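Chemist:
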Amino acid sequence: MVLEKGIAEQVEAFIAAGRPSSRQQSIDDRRASYLASTVLAGETESFVSIQTIELEEMTFRVYSPLQSPAHLPTVIYYHGGCFISGSFATHDNQLRQLAVYGGCRVIAVQYRLAPEHTFPAAHDDAQRGAELVWQHAELFGVDKDHITLAGDSAGGHLALVTALRLKAAGIWLPSQLILIYPMVDATAHFESYVRNGKDYIITRDTLLSGYEIYLPGVDRRHPEASPLWRDDFSGLPSVHIITAEFDPLCDEGKALYQRMTEQGVACTCQQYLGVIHGFFQLGGISLAARDAVRDVAYRVGR
1 MVLEKGIAEQ VEAFIAAGRP SSRQQSIDDR RASYLASTVL AGETESFVSI
51 QTIELEEMTF RVYSPLQSPA HLPTVIYYHG GCFISGSFAT HDNQLRQLAV
101 YGGCRVIAVQ YRLAPEHTFP AAHDDAQRGA ELVWQHAELF GVDKDHITLA
151 GDSAGGHLAL VTALRLKAAG IWLPSQLILI YPMVDATAHF ESYVRNGKDY
201 IITRDTLLSG YEIYLPGVDR RHPEASPLWR DDFSGLPSVH IITAEFDPLC
251 DEGKALYQRM TEQGVACTCQ QYLGVIHGFF QLGGISLAAR DAVRDVAYRV
301 GR
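Per the numbering used here, residue 1 is the first one in the sequence shown, and the count goes up by one each step.
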């Protein structure tokens, strides 16, 4: 398979520029570059209402379809950014689209980022954010029987670990998980880290440097650093995993599917062809991205 045309043009420009390394950028520059990439997200969905809620020192951004009922199926969403970048702003288009296309409530959680806040700060915020949404379901307008945990990249990691923590606590569980090319193996064990690790913009160095900054001194096989290798998936709700053909994380997403299936989880895995890590946010140049957003919205709202 070849890259989609719009994505191929971005990759060609990246290679022509000498494959600039994320390791050579400051944290501020990495964050600014991520925000600047939103010009590739496509047209902004306007048929949505947006509210920012501050609750117990946490900040939530709530997206709802216009004229929606008081209670809606809800996705609690954790943004990507390798644990060091990302925000409501970097994911605004996708969150708007999920709300409108799915007829659902989208609640984005802003978690603390490294290097200012290292492990387990993001994990703790992700869990606490989900718990606050559950506890204040009336405030958020949440149908408690239809809560999805979802996220892309580092956010997919946080959605998974949050679900495992909730399962261990035994109070409630989401109805499903949607993990979009999740970062789940800090050991970089799989061959796709080599096969797709240099040319496709989000490189091996980009991903591994994020782990290094967020996980200083933490064993890479720690169960919350590399949740792929855990043996306690049994009892999780249904899981849908999205992978990208030219992503360093492609193989570990497939391995997560296999391990979950072996442990009795109702799990599906869909690979999108011709796309790279981060494609979910490239709806302006990628048909696969537009299809993926609509599919995720359907799964949340159905």
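Each residue gets a CB set at the ideal place from its N, CA and C atoms; glycine is no exception. Here the structure is a predicted model, which means the values were calculated and not measured.
Does the pairing of the segment 236-246 with the segment 164-176 give three or more beta-carbon distances under 8 Å?
Modeler: Yes, the segment 236-246 touches the segment 164-176.
Chemist: Could you check the C-alpha separation between Q25 and V48 for me, to the nearest Å?
Modeler: Here residue 25 refers to the residue found at position 25 when the sequence shown is read from its first residue. Here residue 48 refers to the residue found at position 48 when the sequence shown is read from its first residue. Each residue's Cα considered, the two are about 35 Å apart.
Chemist: Would you decide whether G80 is buried or exposed? Buried here means 16 or more other CB atoms lie within 10 Å of its CB.
Modeler: Walking along the sequence shown from the start, residue 80 turns up at place 80. Its Cβ being crowded by 16 or more others within 10 Å, G80 is buried.
Chemist: Among I241, T261, W229 and R30, which has the Cα closest to the Cα of A114?
Modeler: Here the question's residue 114 lines up with position 114 in the sequence shown. Among I241, T261, W229 and R30, the Cα nearest to that of A114 belongs to R30.
Chemist: Short of 7 Å in beta carbon distance, which residues of its chain neighbour H123, apart from the five on each side in sequence? Order them along the chain.
Modeler: The residue given as residue 123 occupies position 123 in the sequence shown. Same-chain partners within the cutoff: L158, V161 and E224.
Chemist: Should Q281 and I242 be called a contact, given that it needs their Cβ atoms to be closer than 8 Å?
Modeler: Start at 1 with the first residue of the sequence shown, and residue 281 comes out as number 281. Start at 1 with the first residue of the sequence shown, and residue 242 comes out as number 242. Contact: no.
Chemist: Suppose you measure from the CA of I285 to the CA of P69; what does that come to, to the nearest Å?
Modeler: To locate residue 285, count along the sequence shown from 1; it is residue 285. To locate residue 69, count along the sequence shown from 1; it is residue 69. When rounded, the distance between both Cα atoms is 33 Å.
Chemist: Using 8 Å for Cβ pairs, my map puts Y193 next to H277. What's the rounded Cβ distance?
Modeler: Reading the sequence shown from its first residue, position 193 is the one you call residue 193. Reading the sequence shown from its first residue, position 277 is the one you call residue 277. Incorrect: roughly 11 Å between the Cβ atoms, too far for contact.
Chemist: How many angstroms separate the CA atom of V293 from the CA atom of A108?
Modeler: Within the sequence shown, the letter at position 293 stands for residue 293. Within the sequence shown, the letter at position 108 stands for residue 108. If I take the Cα positions, the gap works out to 15 Å.
Chemist: Tell me which same chain residues have a C-beta within less than 7 Å of the C-beta of G253, skipping the five on either side of it?
Modeler: Within the sequence shown, residue 253 is the residue found at index 253, counting from 1. Here the set comprises Y181, P182, I241, T243 and C269.
Chemist: Is T148 buried or exposed, if buried means 16 or more other CB atoms sit within 10 Å of its CB?
Modeler: The count along the sequence shown starts at 1 and reaches residue 148 at position 148. Classification for T148: buried.
Chemist: Thinking just about the alpha-carbon of each residue, which of D205, T187, I213 and V106 is nearest to the one in F60?
Modeler: Along the sequence shown, read from residue 1 onward, the residue named residue 60 stands at position 60. Comparing Cα positions, the closest option is V106.
Chemist: Near F246, what residues of its chain come up, given a Cβ to Cβ distance below 7 Å and the 5 sequence neighbours on each side ignored?
Modeler: Indexing the sequence shown from 1 puts residue 246 at position 246. Taken in chain order, the residues that qualify are L3, N196, Y200, V275 and I276.
Chemist: So who's on the other strand from E54, going by DSSP bridges?
Modeler: By one-based count along the sequence shown, residue 54 stands at place 54. DSSP lists T59 as partners of E54.
Chemist: Note down, in chain order, each residue of its chain lying with its Cβ closer than 6 Å to the Cβ of A121, except the 5 sequence neighbours on either side.
Modeler: Here residue 121 corresponds to residue number 121 of the sequence shown, with the count starting at 1. Around A121: R112.
Chemist: Give the C-beta separation of V300 and C82 to the nearest angstrom, bearing in mind that I take them to be a contact with Cβ-Cβ under 8 Å.
Modeler: Counting from 1 along the sequence shown, the entry for residue 300 is found at position 300. Counting from 1 along the sequence shown, the entry for residue 82 is found at position 82. Going by Cβ atoms, the distance from V300 to C82 rounds to 24 Å, so no, they are not a contact pair.
Chemist: Return the residue from the list I84, A126, I50 and E54 that minimises the CA-CA distance to D92.
Modeler: Residue numbering aside, residue 92 sits at position 92 when the sequence shown is read from its first letter. Of the candidates I84, A126, I50 and E54, the one whose C-alpha sits nearest the C-alpha of D92 is I50.
Chemist: Going by the CB atoms, is the gap between Y77 and G151 shorter than 8 Å?
Modeler: By one-based count along the sequence shown, residue 151 stands at place 151. By one-based count along the sequence shown, residue 77 stands at place 77. Going by C-beta atoms, G151 is nearer than 8 Å to Y77.
Chemist: Checking 8 Å against the spacing of the C-beta atoms, do L72 and L132 come in under that value?
Modeler: The residue labelled residue 72 in the question sits at position 72 within the sequence shown. The residue labelled residue 132 in the question sits at position 132 within the sequence shown. Result no, Cβ atoms of L72 and L132 do not sit closer than 8 Å.
Chemist: Smallest Cα separation from Q263: which of G156, F233 and I202?
Modeler: For the purposes of this step, residue 263 is identified with residue 263 of the sequence shown, where counting begins at 1. When each option's Cα is compared against that of Q263, the closest is F233.
Chemist: Which first and last residues belong to the beta strand (DSSP E) in which G274 is found?
Modeler: Looking up residue 274 in the sequence shown gives position 274. Run containing G274: C267 to I276, per the beta strand (DSSP E) assignment.
Chemist: Got a sec? Which residues, its chain only, sit under 7 Å from D295 by beta carbon, not counting five neighbours each side?
Modeler: Locating residue 295 in the sequence shown gives position 295, counting from the first residue. None.
Chemist: Skipping 5 residues on each side, what residues in its chain have a beta carbon closer than 8 Å to that of L273?
Modeler: Counting from 1 along the sequence shown, the entry for residue 273 is found at position 273. Hits under 8 Å: M1, E245 and A288.
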